[in-house]
Amino acid sequence: MDIVIKEINQFFLTLKFNKVVINDKENFEYKGEYYMLTRDGNNYYLECALTLDEAKKNWHEDMEAYNAESPQEELIEYIKNDIMRFVVNTY
């Protein structure tokens with residue numbers, strides 16, 4: 001598994017998000033919304049589905065894109081900060 005995705009998935013668990021495997025993909029449920037980090041080419045995407053039904057239909061929306069060519073540790077910290085800012089601290 002990709003190291004950045006592995007680190008962020010562990011971070012979701014540290015924040016007490018519930019791990020849910022949907023369509024063979026790890027999603028992390030938080031307050032009824034489903035999050036995951038994916039990679040496509042030279043970018044990572046923090047994605048969100050607003051309901052379980054949307055997650056099952058793979059209707060995740062990109063919340064933020066990240067350049068995969070950034071230094072790995074810096075990238076991981078940046079994504080963690082965005083999760084805290086856009087997901088955890090928005091309620």
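Numbering of the sequence shown is given in UniProt numbering, commencing with residue 1 and proceeding in unit increments. Glycine included, C-beta positions come from ideal geometry on N, C-alpha and C.
Assigned with DSSP and collapsed to three states, F12 falls in helix. Here the C-alpha atom of Y44 lies approximately 20 Å from the C-alpha atom of E54.
Minimum Cα-Cα distance from E29 among the listed residues E73, L13, N23, D82 corresponds to L13. Residue burial is scored here from C-beta neighbours: A65 has fewer than 16 other C-beta atoms within 10 angstroms and is therefore classed as exposed. A straight line joining the alpha-carbon of I3 with that of R39 spans about 11 Å. Within the segment 24-72, the runs of alpha helix (DSSP H) that reach at least 4 residues and sit entirely inside it are, in chain order, 52-56. Close CB contacts of V20 within its chain, under the 6 Å cut and outside five residues either way in sequence, are with N27, E29 (chain order). Remark: C-beta atoms of E69 and C48 do not approach each other more closely than 8 Å.
Taking the Cα positions, P71 is about 14 Å away from E7.
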